[in-house]
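Everything below concerns the one structure shown next.
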Amino acid sequence: MTILYALTGAGIIGCAIFMILSRNLVRMLLGLSLLATGTNLLLFLAGRIGSEQPPIIRDGAKALGVSADPVAQALILTAIVIGFALTVMLGVLVLRAWRSGGTVDAREVDAAEMVGPAQERDDLHG
Amino acid sequence: MTCMGDALLLTLPVLVPFLGAALALLLRKHPAAALMTGLAASGFVLLASVALLTRVMVDPRVPLTVFGGWPQGFGIGFSAALPGSALVVVTALILFAAAIYAIGDIGPRRRRGGYDALMLAMAGAMNGACLTNDLFNLYVWFELALLAALGLLTIDRRPAQIDGAIRYAAFAMLAATFILIGVGMIYGMTGTLDIRTAGAVLADSPASVASAVAAALLLGGLMLKSGLAPFHLWLPASYHTAPTTVAAVFAGLLTKMGFYALLLVMVVIFGVGRGAPGGAQLTPLLGGIAALTMLLCVAGALGQTDMRRILAYHVVAQVGYMMAALALGTRDGVTAAIFYMVHSMIVQANLFFGAGLIRRASASWDLTRAGGIVRREPLFALLFAVPVLSLSGIPPFSGFWAKLFVIRESLDADMAWLGGVALLAGLLTIVSMSTFWSDACWKDARRTSMRAVPKSGLVAMALLSAATVVIGLMPQWLWSIAQLSARLLEGQG
């Protein structure tokens, strides 16, 4: 079971890295989002599949019975929220780039590469 | 357990910026009120952080608070352990200087766009990262700082900013994911997220594939964050699109925050200084990364004429020196890295302030178009000379001591080649920075009209230049704090 989980996680992360390397910004965005999913699977695995005793139990008791590690689940929930927020942020940036330049090809989104007089008009009176 | 006063003092550097950010967000339709909120919150954080550092220095019992009343090691805790609390002071100083500089640099349009709220939120996240004891919490603060930084980077919504932000966001998200996987693996191995507990558990266990992979993932992720070679190219490709104040704060804080986390992970968890599993295998690699970063980035700086790009390359090159000190794998090396970090934060922010004022005076970011400032603004030329000379490593400024310590420790640790590379990079830095100053200030002006630089900018630069001079004249004071930090990091406080 653990091996299956680990291989699935590795497979998802492999696909994600392949997509991140794409020149298409939307593919890169989807790849990053997929990478977060694979990471969550690995985090889940870090808490072990099967019964794990939580660190804090009722006074006097020795064990809680069948239970899962709660910390790993808390980590995944937090990571999902953060991953979602960052994906949305990057999505907005890609959308703005597409609106201003009409392209999602990373080679053509190069406004930050230019320096010199063309870029000089910007921020004197923000 | 600590008393209430300590708990409050410990959380103030995080609470105040976030309260200020909320207030500034409500007041953003009134730029003057937002400006005052930013200035007041920054000033208050500076006072609170100085009080916290004083408290730590006076009483060796380190204040610690664990949220939710959990026993230590189970809940998320904040502690004022050095170097975290010293970095909070430097962060607050740069934030305060930036708030003053912003009076003349950030206009009502950007303030209505939420500049003050974003800046305070980023500062709060930085302070949280410096104070937390929890590995996952550290990751969360990193992401918060990233979100605020992306907002600041795109505040004018220009295509160049969007482009720079996409590069920055993609790299930072990739880095954060690697860090998260590494954190998860450490949790899987040790069963705890408390940084010091995890380090103690790992120190007692033999090196395994898991510890090596976790160390490599964390190293890779944090190298991306701090811009170390071969992951240095995103930084000069994005920083220059931000408004000057924002670029200065990024240069002073963001990469150094990545390096602080790297220091924490490498020294406390993987025990680089103790030859513990994980750390021992990585130490030879670190020296190569440091040497590559120093040489590549100084060479990159020499090839540019755009002031912001020159400085952005120097930002990364400076992280290379810190990495060199860490790569020595000795406690004195860690001390030198912490000293270098404090020096470099102040100087880098100050240099960007100076570049912004030169741009203001000469209406161009291009060095070849600048010149003659020493006649028009002698006070500015003098103030700007302080960070320039300090970055070049000229005595009596802080950079001289920082470089001297790195090279001295490399000789002590029998890694003279790394000290030699640092010297060579230092020589090239002198070439680059002296050209910078003389081109901007000494050379004859090509334009007859030159605008005056705003007083607020000069005040901000004076503040940071004064800090540089103080460190330069009394290095033993910062050195002793750095020594104490290194001892605490290695768990022998």
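Heads up: the protein sequence lines correspond to chains S and F, in order.
Going letter by letter, the first sequence gives residues 1 to 126 in our numbering.
Going letter by letter, the second sequence gives residues 127 to 619 in our numbering.
Glycine is no exception: its CB is placed at the ideal position from the N, C-alpha and C atoms.
query: Helix, strand or coil: how does DSSP classify G167 of chain S here?
result: Lying before the first or after the last residue shown, residue 167 of chain S is absent from chain S, which here runs from 1 to 126.
query: Who are the Cβ neighbours of S168 of chain F in its own chain at under 6 Å, not counting the five residues just before and after it?
result: Excluding sequence neighbours, S168 of chain F sits near L221, F222 and A225.
S575 of chain F classed as buried or exposed, judged by whether at least 16 other C-beta atoms fall within 10 angstroms: exposed
query: Given that a residue counts as buried once 16 or more other Cβ atoms are within 10 Å of its Cβ, and exposed if not, what is A118 of chain S?
result: Its pLDDT being 46, under 50, A118 of chain S is placed unreliably by the model, and nothing is read from it.
Inter-residue Cα distance where the pair is D320 of chain F and L41 of chain S: 22 Å
- prompt: By the 10 Å Cβ neighbour count, where 16 or more other Cβ atoms means buried, how is M19 of chain S classified, buried or exposed?
  reply: buried
- request: Find the residues of chain F that neighbour S100 of chain S, judging by a C-beta separation of less than 8 Å, and give them in chain order.
  value: P285 and I288
message: According to DSSP, is L190 of chain F part of a helix, a strand, or is it coil?
response: strand
- prompt: Once you ignore the five residues that flank R238 of chain F on each side, which residues in its own chain have a CB closer than 7 Å to its CB?
  reply: Cβ neighbours of R238 of chain F beyond the five flanking positions: R154, K155 and P157.
task: Examine chain F for any beta-carbon lying closer than 7 Å to the beta-carbon of A97 of chain S, and answer yes or no.
output: yes
- prompt: In the structure shown, what three-state DSSP assignment does D103 of chain F receive?
  reply: No answer is possible for residue 103 of chain F: the residues shown for chain F start at 127 and end at 619.
task: Output, in sequence order along the chain, the residues in the stretch 308-322 of chain F whose CB is closer than 9 Å to any CB in chain S.
output: V309, G310, M311, I312, Y313, G314, M315, G317, T318 and L319
query: Taking Cβ-Cβ distances shorter than 8 Å, what residues in chain F pair up with M89 of chain S?
result: Chain F residues near M89 of chain S: L273, L276 and A295.
- prompt: So which residues of chain F does V109 of chain S contact, with C-beta pairs closer than 7 Å?
  reply: D289 and I292
task: Between the Cα of W563 of chain F and those of F:G480, F:V398, F:G310 and F:A249, spot the shortest distance and give me the residue it belongs to.
output: F:G480
query: Does L306 of chain F have its Cβ less than 7 Å from a Cβ in chain S?
result: yes
- prompt: Near A571 of chain F, which residues of its chain fall below 7 Å by C-beta distance, leaving aside the five closest residues on each side in sequence?
  reply: G497 and G498
- prompt: Terminal residues of the continuous alpha helix (DSSP H) containing G545 of chain F?
  reply: Residues A542 to W563.
- prompt: Start and end of the alpha helix (DSSP H) containing F113 of chain F?
  reply: Only positions 127 to 619 of chain F appear in the structure, and residue 113 of chain F is not among them; the question remains open.
query: According to the Cβ coordinates, are L136 of chain F and P189 of chain F closer than 7 Å?
result: yes
- request: Note down, in chain order, each residue of its chain lying with its Cβ closer than 7 Å to the Cβ of A150 of chain F, except the 5 sequence neighbours on either side.
  value: A160, T163, G164, D242, A243 and L246
query: With DSSP run on the structure shown, which of helix, strand or coil describes S205 of chain F?
result: strand
- request: State the DSSP-derived secondary structure class of D282 of chain F, mapped to helix, strand or coil.
  value: The answer is coil: DSSP assigns D282 of chain F none of H, G, I, E or B.
task: Have a look at S582 of chain F and I49 of chain S and give me their C-alpha separation to the nearest angstrom.
output: Whole-angstrom Cα-Cα distance: 59 Å.
- prompt: Taking Cβ-Cβ distances shorter than 8 Å, what residues in chain F pair up with L93 of chain S?
  reply: L276, T280, I288, A291, I292 and A295
Alpha-carbon spacing of I597 of chain F relative to L35 of chain S, whole angstroms: 44 Å
- request: My understanding is that A443 of chain F touches G397 of chain F, with C-beta atoms under 8 Å, so please give their C-beta distance in whole angstroms.
  value: 27 Å between Cβ atoms; not a contact.
- prompt: Is the beta carbon of G446 of chain F sitting closer than 7 Å to the one on A416 of chain F?
  reply: yes
query: How many angstroms separate the CA atom of L517 of chain F from the CA atom of S470 of chain F?
result: 8 Å
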